[in-house]
Every structure is written in C-alpha cells, then in structure tokens.
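Numbering (the working numbering), first residue to last: 119 to 835. Since the structure comes first, as structure tokens, the remarks are kept for the end.
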Amino acid sequence: MNLTELQVFEPQNTKLTKYLFYTGKGGVGKTSTACATAVTLADGGKKVFLISTDPASNLQDVFDTELDNKGVTIDGVPGLKVANLDPLQAAAEYRESVIAPYRGLMPESVLNNMEEQLSGSCTVEIAAFNEFSKFITDEDIQKEYDYIIFDTAPTGHTLRMLQLPSAWSNFISENTHGASCLGQLSGLEEKKDMYKKAVETLADSSQTTLVLVTRPEETPLKEVDRASKELAEIGVHNQLLVINGILTHYDDKISESLFQKQQKALMEIPRDLKDIRAYAIPLRAYNVTGLDNIRAFLTKDYYKKDEETIKVQSIPELKDVIEDIYKSGKKVIFTMGKGGVGKTTIAAAIALGLSAKGKKVHLTTTDPAAHLKFVIQETAGITMSHIDEQAELKKYQEEVLTKAKETMSEEDLAYVEEDLRSPCTQEIAVFRAFAEVVEKAHDDQIVVIDTAPTGHTLLLLDSTQSYNQEIKRSNGDIPESVKKLLPRLRDEKETEVIIVTLAEATPVYEAMRLEEDLKRGDIKAKWWIINSSFYESGSVNSMLSAKAANEIRWINKVYEHAKGFFAVIGWREEEIKGEALLNLLKRKPKVAFVCVHNSCRSQIAEALGKHLASDVFKSYSAGTQLKDHINPDAVRLMKEIYNIDMERTQYNKLIEDIPNPDAVITMGCNVNCPVLSCTIREDWGLDDPTGKSDEEFIKVIQMIEKKIDQLKIRLQN
C-alpha cells in the first residue's frame with residue numbers, strides 16, 4: 119500500500135451502514151473523524167445521532183456546545199444530535215449498585231476488594247457497553263435517525279465476556295481465583311436480552327460498520343491490526359480502515375523525512391489490513407474544534423497557527439532528567455505512557471545515560487524488538503532482560519486455572535478463562551515478572567523498566583492481600599516478590615515513574631489520567647517527557663511549522679502541570695535504533711545571539727539557528743535593554759522568505775533571562791556581556807538594518823544565514 123493508492127475519505131460517497139463504530143488508539147483522530155463524518159452526512163440532509171462514550175471526551179469543545187447524555191441538537195447543523203456519555207460515572211454508579219447489598223454484612227477488607235475489582239478498565243468498558251446498548255436497541259431512535267455514530271467501540275474482551283453465562287453470576291460466589299476483575303456483569307441480569315440484541319446488531323454486517331482509525335506509523339498500524347482481528351473473531355466483519363494524518367507533499371529536509379517515514383510504514387502495513395477497504399485523511403495543521411474546522415477536516419487545509427506563545431525559555435533535555443535520577447540515588451525507574459509515545463526508546467536511553475555515569479543498570483523491556491540489544495550489549499555496566507508479556511500471561515493463566523479446576527464447574531471455568539484474558543489480568547501477570555526482576559537487582563544496581571503498573575493494579579494487589587488474610591479461600595496466591603515490591607514502589611526515595619507523552623491534546627490528557635490512577639495507588643510521578651516534538655525542529659514546511667506552533671499550548675500545559683520538571687525530545691529523522699539512541703543523550707551546546715535591544719538581528723539569528731541548526735545547537739537571543747516588540751520588518755520578511763513567524767515562537771529577553779550559554783555571538787553593536795561566561799565568544803559585525811530598505815534588510819538576513827551555517831559546521835566538528 120502506498121499514498122497514491124489511497125482515496126480521501128468521503129463519507130457521503132462511501133457505502134456505510136446505519137450504525138458506525140469508530141475505534142483506534144488514543145491520539146489517532148477517531149473523535150475528529152467521527153465528528154467530521156457526522157457533520158458531512160447531516161449537511162447532506164441525513165438525520166444523524168453522534169454518541170461519545172470516551173472518558174476523556176472533548177466533544178463539548180469540538181462543537182462549542184454544552185452537551186448531556188440524552189442528546190443536544192447542534193446549532194448550524196439541524197440534522198445532527200450529539201450525546202456525551204460518561205462511562206466513569208456510569209461505572210461508579212454500577213459499582214455501588216453491586217456492592218450496596220453487602221454493606222454491613224461483609225468485613226471492610228472484603229468490600230474494599232470488591233470495590234477495587236470493579237474499578238478497572240474492564241468495568242468501565244462494561245459500563246460504556248451498557249450505554250451503547252441503550253442506543254442500539256432503542257426502536258424510537260432506530261426509526262428517527264439514518265445514521266447512529268459512536269466515537270469509540272467495545273473491545274473483543276468485553277463482547278466475549280457478554281456471551282458467557284458465568285459472567286452474570288453472583289459476585290461473591292465466583293470470586294475465588296485471585297487478583298483480577300471479576301463479576302462485572304453480576305448486577306445487570308435484567309439487561310441480558312438487551313445486550314444479546316446489541317451484540318447481534320454489532321455482528322450484522324448489513325447494520326454495523328467498524329471504522330478502524332489509525333496513523334501512517336508502525337505502532338498505530340500494528341495496534342489497529344490487533345483490534346481488527348480481535349473483533350473479526352467474534353463476528354464483526356464489516357470493517358473499514360481510515361489512515362489519518364498523511365503528509366501529502368514535502369519541501370524541506372524535515373518534511374521529506376516524515377513523508378518517507380510514512381511511506382515506509384504504509385509499505386510494511388500488516389498483511390490482513392491490506393484486505394480491508396482503506397481511505398486516507400491528509401495531515402491537518404489545525405485542531406479540530408468548531409464547525410468550520412470540522413467541515414474542513416475531510417476536505418481542505420489552511421495553516422492556522424495557535425495564538426499561544428511559549429512560556430518557558432529554556433526547555434530541559436533528556437540529559438537533565440538523567441542527571442536528576444543519578445543524583446537522587448533512586449533504584450527503580452519506570453517509563454509510563456500510552457502505546458506509541460516512545461516509552462521503550464526513552465527507557466533504553468535512560469539506561470545508557472546512567473551507565474555512562476558509572477552506574478550498573480539492568481534494563482527490562484516488554485518490547486519484543488531486539489534492536490535495543492546490540493547497543494546495550496556493547497555498553498559496559500548494562501544487562502538486559504525481556505519480559506514476554508504473552509508468556510507471562512500464559513504462565514499466570516495456567517497457574518490460576520490449575521487451582522480453579524479443582525473446585526469449579528465447566529461453565530464457571532469458561533468464565534474464569536475469559537476473565538483471565540482481561541487487560542487487568544495481563545497487568546498483574548506482567549507485574550509479577552517485574553517483581554522478580556527487581557528482587558534480583560543488587561543494592562548497587564539500578565533497574566529501568568519500560569512499562570509501569572497502573573494504580574488499579576497496585577490497589578487490586580493491595581486489596582487482594584487484605585482479602586486473602588481475612589478469608590483464606592483465594593486460589594491466585596500473591597508471590598513474596600510482589601508483596602516486597604509494593605512498598606518499594608511507593609517509596610519516593612527508591613522509585614521514579616517518568617510519564618512519556620506527545621505535544622497533542624489526547625496524549626496529554628491520557629497521560630494525566632494515568633498519573634491520576636498512579637496517585638490512587640499512592641505513587642507519585644515527578645518528571646514528564648514530551649517525545650517526538652516538532653516545536654524545535656525548525657521546519658519551514660507550511661504544515662509542519664503550523665503543527666509546531668500548535669504544540670506550544672501542550673508544551674506550556676505540561677510545563678505548568680509538572681511544575682517545570684519536564685523535558686522535550688525533538689522529532690528525529692532517523693529511526694531511533696542502535697547507535698541513534700546515543701544521540702538522544704548528547705547535550706546540544708547553547709548559543710546566545712546578543713544585541714542591545716533584542717529586537718532585530720539577534721531575533722533573526724535565533725530564528726535561523728532553530729531553522730537551520732536545531733540538530734546541532736540550541737538557539738537563544740537576548741539584549742541588555744528591551745523594546746516592547748520584535749522589529750515588524752524583521753517579522754514580515756522572515757515570514758515571507760522562510761515562513762517563520764517570530765511573533766509566535768519568540769519574544770524579547772534580557773541576558774539574565776536565558777540559560778548560561780556555551781557560545782555568545784554579539785551582532786555588531788559593541789554590546790558588553792559581562793554576566794555571560796562561555797567557551798566561545800565572537801562578534802559578527804553586522805549593520806543594524808532597522809529603518810532601512812527591504813534590500814538592506816535581506817542582505818543582513820542572508821549574512822546571518824551564511825554565518826549560522828558556518829557556526830553549525832564548526833560546532834559539529
């Protein structure tokens with residue numbers, strides 16, 4: 119598959135069924151695609167109902183309308199009604215309805231255990247499915263609307279669970295096989311027929327289409343392939359693939375590299391996805407909020423840049439995070455984040471960085487890719503192990519089933535087997551493997567692990583320990599290594615959890631939810647890392663420079679949320695494999711361009727430094743006095759020549775406002791910089807073009823460009 123083979127997604131010209139379910143990992147654009155589909159169909163005269171069951175739904179922002187769980191007609195789109203359901207609230211209400219009958223009859227530890235078992239993602243999924251089902255089976259809604267669109271889809275695990283008789287059994291009677299999420303359906307017996315009808319509708323290709331939304335990148339394509347197979351196995355065969363975020367043209371080095379990366383991912387697309395109808399949505403520079411943007415999303419682009427300006431002058435690097443961990447003396451380091459944000463790469467780079475400082479490091483990865491291995495094997499002081507998530511899950515499942523078979527009926531065993539396929543079970547199986555790795559670590563060794571347990575996993579293990587002490591009947595015994603690890607993880611002097619995200623809305627909000635869940639488990643995260651950022655890439659491609667400007671809001675948000683304990687890793691042209699990992703650790707020299715007012719020449723030099731040499735050095739500009747704005751002719755000409763908007767990405771600064779530089783370049787105004795100690799100091803002797811003709815201005819800009827190129831070569835060597 120390549121870009122030229124893909125048609126642009128046009129819902130009005132695509133064969134679609136009444137029910138449309140959108141699925142895909144966080145941040146791929148499934149809500150944007152669902153909203154654009156809904157508006158396009160409604161604009162074409164159809165009656166459409168759009169329903170969100172995403173816990174982090176931003177539909178209210180997207181439509182700029184206060185929404186409820188019944189449905190609100192959108193101003194400007196008369197045929198469209200939108201409902202925003204909260205499965206977290208629904209899950210909380212359901213959880214209480216199951217536990218309430220046992221209050222006062224059971225010990226507190228048992229109630230806590232029940233509550234935590236119904237606090238995982240599985241229960242939220244069931245609560246969300248409960249909401250789906252109401253809309254799928256409501257005959258009045260069915261008659262009134264031409265299309266009913268859901269911006270999330272149930273998982274295969276949820277649908278399989280609904281088909282098992284024992285899933286509906288009494289909570290307490292079945293809760294005998296250890297730490298997992300049990301009895302999610304025990305309070306929903308009266309809704310069995312509704313669920314059955316909903317599952318049948320999902321599997322009916324004449325009524326339901328599953329829209330798989332992904333990006334032209336390796337990890338999201340693999341993830342959507344897994345979801346496609348899992349749902350096909352239980353009868354959801356009518357599938358459609360939408361690949362969002364395709365760069366359609368390039369005109370500089372960065373955009374060409376991104377284009378080639380995307381082409382490579384599409385050429386290597388998983389085999390089974392090639393058999394599914396596939397469509398493309400081009401990369402958009404804007405956030406999909408407001409009706410104008412929703413309508414434009416599937417049809418056109420305009421390079422609208424966010425108005426926000428950067429709030430932090432000196433953005434920390436990965437090296438700063440490693441230095442802090444090294445000084446702290448912490449022994450257990452986790453990198454945590456949703457799939458596809460680069461946790462494994464960053465864990466490996468941290469391991470290499472700590473090893474370079476003389477620490478003994480053991481890196482444990484759950485990523486089957488062996489490309490990390492040869493770098494680490496060549497590096498003294500690092501050992502490495504790989505946790506095979508599937509093998510650990512199988513081992514845990516067999517252990518539980520062996521004990522369960524001693525006392526359970528075939529019907530109950532079928533439920534236990536499905537329950538053991540839940541995400542929560544997999545987390546516990548992997549956590550047991552983590553515990554064994556950490557236990558083997560010596561006092562003088564640091565363990566770095568590329569996945570962290572969720573707060574739910576920790577609380578589940580906690581409550582199961584208490585429950586087991588109270589009622590000696592659980593078959594899923596908790597190993598000693600797990601019992602020892604729980605207090606270590608909660609010790610801030612011992613453990614560091616690093617949250618990894620991207621500078622986009624969904625990944626940031628998802629990371630915040632992960633952090634909240636960790637807090638429930640009494641674990642605090644200090645450092646945040648924004649990976650793969652275009653902000654400092656210096657690209658002049660219209661699309662990517664707009665995208666870089668739109669990242670500023672999310673960089674600011676993470677900076678404020680993490681109280682300054684954050685770092686940014688720029689987007690890289692090369693695959694971060696092998697030796698390229700070491701490049702993440704290299705500290706780029708800081709170059710300060712200085713003139714009296716920091717309004718013209720020094721600002722141009724900062725902008726061109728970022729554009730032409732961001733892979734070699736970090737550029738700053740400053741002055742000894744300040745004007746209240748950047749020279750408007752400089753701003754205008756830099757926009758015209760390079761498509762660089764200095765008013766958005768830069769501001770006037772005093773010398774004391776910038777970090778200590780390695781090189782100081784004065785522009786030619788004999789400014790004295792006594793406060794800046796540095797290893798390189800030179801004066802470029804440039805005339806001030808302020809108030810002169812465009813021709814004179816352009817001459818100065820060209821001289822600065824030439825000198826930046828020369829400086830880049832010198833610093834590289």
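Note that CB positions come from ideal geometry on N, CA and C, so glycine has one too. Just so we're clear, the structure is a prediction, and the values are computed from it rather than from any experiment.
Between the stretch 666–673 and the stretch 697–710 there are fewer than three inter-stretch CB-CB distances shorter than 8 Å, so the stretches are not counted as touching. Separation of valine 676 and valine 166 (C-alpha to C-alpha, rounded to the nearest whole angstrom) is 36 Å. Put simply, the backbone Cα of alanine 218 is about 38 Å away from that of lysine 261. Among the bridge pairs identified by DSSP, leucine 330 is matched with Thr141 and Leu359. Between the C-alpha atoms of serine 739 and lysine 771 there is a straight-line separation of about 7 Å. In this structure, the straight-line span from the alpha carbon of glycine 363 to that of alanine 403 is close to 10 Å.
DSSP places histidine 679 within a helical segment (H, G or I) once states are collapsed to three. Annotated as distal: lysine 456 and threonine 569, with beta-carbon spacing of 8 Å or more.
In the DSSP assignment, glutamine 207 falls within the unbroken alpha helix (DSSP H) covering 205–217. Residue environment for serine 527: exposed (fewer than 16 other C-beta atoms within 10 angstroms of its C-beta).
Asparagine 202 has Ser170 as its beta-bridge partners, per DSSP.
Taking 8 Å as the cut-off, the Cβ atoms of leucine 703 and glycine 471 count as close. Counted as a single uninterrupted DSSP element, the stretch harbouring asparagine 659 is not any beta strand (DSSP E), since DSSP gives it neither H nor E. Counting C-beta pairs closer than 8 Å gives three or more between the stretch 313–328 and the stretch 347–355, which meets the contact rule.
Beta-bridge analysis with DSSP links methionine 502 to Leu481. Collapsing the DSSP output to three states places asparagine 778 in coil. When the alpha-carbon of alanine 156 is set against those of Phe181, Tyr444, Gly142 and Asn248, the nearest one is in Phe181. Nearest neighbour of lysine 164 by Cα position, chosen from Lys148, Lys188, Lys136 and Asn176, turns out to be Lys136.
Counting C-beta pairs closer than 8 Å gives fewer than three between the stretch 331–342 and the stretch 370–378, which falls short of the contact rule. The continuous beta strand (DSSP E) containing glutamine 563 extends over residues 563–567. Nearest neighbour of glycine 144 by Cα position, chosen from Met821, Glu622, Ile500 and Arg213, turns out to be Glu622. Threonine 417 and aspartate 161 have their C-alpha atoms roughly 14 Å apart.
Residue nearest to aspartate 827 within the set Ala752, Ser732, Val782 and Ile762 is Ser732 (criterion: CA-CA distance). With contacts defined by Cβ atoms closer than 8 Å, alanine 154 and tyrosine 140 do not form a contacting pair.
DSSP, read as helix, strand or coil, puts isoleucine 798 in strand. As the crow flies, the alpha-carbon of tryptophan 689 is around 35 Å from that of glutamate 814. Put simply, of Gln544, Ala553 and Glu510 the residue whose alpha carbon is nearest the alpha carbon of leucine 607 is Ala553. For alanine 509, the secondary structure class from DSSP, reduced to helix, strand or coil, is helix. Judged by DSSP secondary structure, alanine 621 falls outside any beta strand (DSSP E); it is assigned neither H nor E.
One thing to note: alanine 398 has its Cβ within 8 Å of the Cβ of glutamine 125. Cα atoms of valine 566 and glutamate 612: separation of roughly 12 Å, rounded to the nearest angstrom.
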